[in-house]
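Enquirer:
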Amino acid sequence: MLRRLDALRNTDPIGGFVRDVTYTPLQKNGSSHGSAGLSGGNQLLQEADVVRLLTLQRNSVSGAAHRYLGMHDVLALSRVTVGYCRMEDCTDFSAVPVIGTFASDYYNATHVPLLAHTDNRGRKVPVSMLDEDVLSLGRAVVADPTWLGRAADSWALRVGLTLDAGSHVEQASHRPWNADALGELFNSTHSWDLSAKSATASTTATAKWLQAVAYVWCAAPMSSFVRADRGQLCGSMRDHLKDISNGAPRTTIRHTARWAFDPDQRSDSLSGGGGSQPDQTLTRGPSDAPLPTCVFSVNQSTSGGPPLVRPAWLVGRTAREINRASAAEVALARRLAPCAHAAARPAGQKPYRRIKYSHVSAYAGVRATASAASQAYDRSMFGVEQPLEPATNSTLTLAIIVLLPELIALVVLLMTTTTWRKVDVVALGLVFLAGLISVAGIIFVAWHEVLGHHWRAASMRDELMVGVNILSDATVHRSLSGEPVYKVETLYVTARLGYRVALLVSLASVAVAAYVVLSLGIGVAVFRRWRRTKAAVKAAAGSDEEGADAPLPPTPGRWRRLGTGASAGGGERRRSPTVALDVDALARTLTTGFGGQSPQKNGA
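Going by our numbering, the sequence shown opens with residue 2, and the numbers climb by one from there.
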């Protein structure tokens, strides 16, 4: 913080202010989860920061929610708080109590209001504008003026609220047009008093603030920043965006809700003029005592001096909601009171320029950044890589065409192959594997489409602005004493548009299902043919074995087939016939032939 203050003292002013702007990325690797909220679960992206920036503080000046839709959907939620530099280096950051004061406390030539805290020892300590736990007033007091009931006097909620909201559409070849987000009765800015005693305060009127904020979040596509319970949070609003074509950079839709807390409530302070609502300037009445003079026992600063003694129950409860039944909350509220700090107005400065915040130019930087981020991604701002671009029609067509050759090859193999050998089965497997790779390409495209649709990036923009007198202030190491300081905090959340998740997932599912069904059908047919071929081969082999094992008939002159084993080619050769002689039969034949005489006699 000291470095930033030193930069403010040596930076050239722009438009009457010196500025120091920093960006802090909030999400890593484009995560879609965001951070957990303090209440209500994880319904909104970056819910903890959203809750904190929507919280009213005693020194809140204004707030706004901007949403720009182009190539990206960008949400910018801002809160402006005000302080005062009592010291030359502005290390005190004294909080200016906007809540609980009157218009004359600001717009005068003698003093500015500061917030003082009385500790248990009776010492008065100035409250720093960085003490969010002490300054917090919750969110319900803005949406419902009866939230605190009769206990509202303890918090002295005397302040007006000015609100306007609407939409603006700029599209190529079309005339720009506006839409009122809050209905016909809210076609211009509206003002009322947050005090429960005010006749202008009503639940119906103040509820418009919550409606305006919800309108910005829930506008199509609501899935960009609403994570869960969309029906409960946004009602029946449609989630599909038809107004922006895929990747059309010349189309911009802007949703805006802006509100201001100012004792000098003028109905045209936001829109720049033409408001039909009466002014709600809070003037000090005869019964209202003037502010006491600020007499601080000790000075609190970021560089020295005793710190503000906070109650122990405040630890970790900066953006808390106010419980009117809590004795500790009531005691803290009664220890906080505004006082008048003497400050002469510089020569030539108008009274309303003392603390008055220009709402017309306040968010010029915020709007310019959001508008640029909606058309082109800035990695230096969000700190993470952007997702892949949405799949084009050419990419989808190519991914599907690549799968067709494999399908045709499978069918051709089935039709032309009658006998499935081992080499045929291997060829079929290779074609099937190539088809799986093509299917994986389609799944890859659909998967990246889903990842891109859920990708989010967030960044916190922290801007410190100090008003300076251009004519009299030095340009180097200038004194900041007597100048108002504004802290503009803006949460940026971005989502890439143009992803067609439903189409890509459907195409991938159909492609995978068709390929699996066709492959299974071909596989079953091939398996059946392979079994038939195997059965036929087995039957043929069985008949050959039966012929080889049959006994040879003992007929003379038959051919014997002997395996030579060692003969070339394993062939067979013939052996000469073998004659089997019956010796006894031959002998009888010979005896009969000699007429029954013995051979001895005949030979004799």
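The C-beta atom is built at its ideal place from N, Cα and C for all residues, glycine as well.
How is the alpha helix (DSSP H) around I444 delimited, first residue to last?
Expert: Element bounds for I444: 423-455.
Enquirer: Can you tell me whether V97 is helix, strand or coil according to DSSP?
Expert: Three-state DSSP puts V97 in coil, outside helix and strand.
Enquirer: Do L78 and T370 have their C-beta atoms within less than 8 Å of each other?
Expert: Not in contact: L78 and T370 (Cβ atoms no closer than 8 Å).
Enquirer: Are the beta-carbon atoms of L434 and L414 separated by less than 8 Å?
Expert: No. Outside cutoff.
Enquirer: What's the call for D93, buried or exposed, on a 16-neighbour Cβ count within 10 Å?
Expert: Counting Cβ neighbours within 10 Å, D93 comes out buried, since at least 16 surround it.
Enquirer: Quick check: the Cα distance between K209 and A326, rounded to an integer number of angstroms?
Expert: Rounded to the nearest angstrom, the two C-alpha atoms are 26 Å apart.
Enquirer: Going by C-alpha distance, which of W314, L138, D74, V517 is nearest A221?
Expert: The residue with the shortest Cα to Cα distance from A221 is D74.
Enquirer: Is V385 buried or exposed, if buried means 16 or more other CB atoms sit within 10 Å of its CB?
Expert: That one is buried.
Enquirer: With DSSP run on the structure shown, which of helix, strand or coil describes A567?
Expert: With a pLDDT of 45 at A567, under the threshold of 50, the modelled position of this residue cannot be trusted; read the value that follows with caution. Reduced to three states, the DSSP call for A567 is coil.
Enquirer: List the DSSP bridge partners of W148.
Expert: Answer is none; W148 lacks a bridge partner.
Enquirer: What do you get for T82, buried or exposed, if any count of 16 or more other CB atoms within 10 angstroms of its CB means buried?
Expert: Result: buried.
Enquirer: Measure the Cβ-Cβ separation of S460 and F262 and say whether it is below 8 Å.
Expert: Cβ distance not < 8 Å, so S460 and F262 don't count as in contact.
Enquirer: Cutting at 8 Å between CB atoms, please list the residues of its own chain near V227, excluding the five before and the five after it.
Expert: These residues qualify, in order along the chain: Q44, L45, L46, W218, C219, L234, C235.
Enquirer: Whose CA, out of L337, L211, R321, A441, lies closest to the CA of L164?
Expert: Per the Cα distances, L211.
Enquirer: Can you give me the C-alpha to C-alpha distance between V310 and A328, rounded to a whole angstrom?
Expert: Computed Cα separation, rounded: 18 Å.
Enquirer: Count the other C-beta atoms from every protein chain shown that fall within 10 angstroms of the C-beta of A332, then say buried if there are 16 or more, exposed otherwise.
Expert: A332 comes out exposed.
Enquirer: For L481, count the other beta carbons within 10 Å of its own beta carbon; 16 or more makes it buried, fewer makes it exposed. Which is it?
Expert: Classification of L481: buried, given that the 10 Å Cβ count is 16 or more.
Enquirer: Can you find at least 3 beta carbon pairs, one from the stretch 507-521 and one from the stretch 386-396, that sit closer than 8 Å?
Expert: Flag = no, the stretch 507-521 and the stretch 386-396 do not touch.
Enquirer: How is the alpha helix (DSSP H) around A343 delimited, first residue to last?
Expert: Unbroken run through A343 is the beta strand (DSSP E), 337-343; no alpha helix (DSSP H).
Enquirer: With DSSP as the reference, label D134 as helix, strand or coil.
Expert: Helix, per DSSP.
Enquirer: Where Y615 and L431 are concerned, what is the direct C-alpha to C-alpha distance, given to the nearest angstrom?
Expert: Outside the displayed range of the chain (2 to 605) lies residue 615, so it cannot be described from this structure.
Enquirer: To the nearest angstrom, how far is the alpha carbon of Y516 from that of V412?
Expert: For Y516 and V412, the distance between alpha carbons rounds to 12 Å.
Enquirer: Can you pull the DSSP bridge partners for G64?
Expert: DSSP, once it has assigned bridges, lists R80, W260 as partnering G64.
Enquirer: In whole angstroms, what separates the C-alpha of E330 from that of V316?
Expert: So the alpha carbons of these two residues sit roughly 13 Å apart.
Enquirer: Hey, quick one: how far does the beta strand (DSSP E) through A459 stretch, first residue to last?
Expert: Where A459 is concerned, the enclosing beta strand (DSSP E) stretches over 458-468.
Enquirer: Taking the alpha helix (DSSP H) that R368 falls in, what are its first and last residues?
Expert: First-last of the alpha helix (DSSP H) with R368: 365-376.
Enquirer: In angstroms with no decimal places, state the Cα-to-Cα distance between Y493 and Y364.
Expert: Answer to the nearest angstrom: the Cα atoms are 13 Å apart.
Enquirer: Let me check one thing: in DSSP terms, what residues is A166 bridge-paired to?
Expert: Partner(s): A258.
Enquirer: Closest to F297 by C-alpha separation, out of S129, A512, S520, would be which residue?
Expert: Out of S129, A512, S520, S129 has the C-alpha closest to the C-alpha of F297.
Enquirer: In the structure shown, what three-state DSSP assignment does S155 receive?
Expert: The answer is helix: DSSP assigns S155 an H, G or I state.
Enquirer: Tell me the residue span of the alpha helix (DSSP H) that contains A49.
Expert: Segment 48-55, the alpha helix (DSSP H) holding A49.
Enquirer: Go ahead and pull the three-state DSSP assignment for S480.
Expert: In the structure shown, S480 sits in coil (DSSP, three-state: anything other than H, G, I, E or B).
Enquirer: Taking the beta strand (DSSP E) that P114 belongs to, which residues open and close that run?
Expert: P114 -> beta strand (DSSP E) spans 112-119.
Enquirer: So A338 and H112 are supposed to be a Cβ contact under 8 Å. How far apart are they, rounded?
Expert: Between H112 and A338 the Cβ distance is about 15 Å, and since that is not below 8 Å, they are no contact.
Enquirer: Can you tell me whether M416 is buried or exposed? The criterion is at least 16 other CB atoms within 10 Å of its CB, across all chains shown.
Expert: Exposed, since its Cβ has fewer than 16 Cβ neighbours within 10 Å.
Enquirer: If you drop the 5 nearest sequence neighbours on each side, which residues of the same chain put their C-beta closer than 6 Å to that of R530?
Expert: Answer for R530: W421, listed in chain order.
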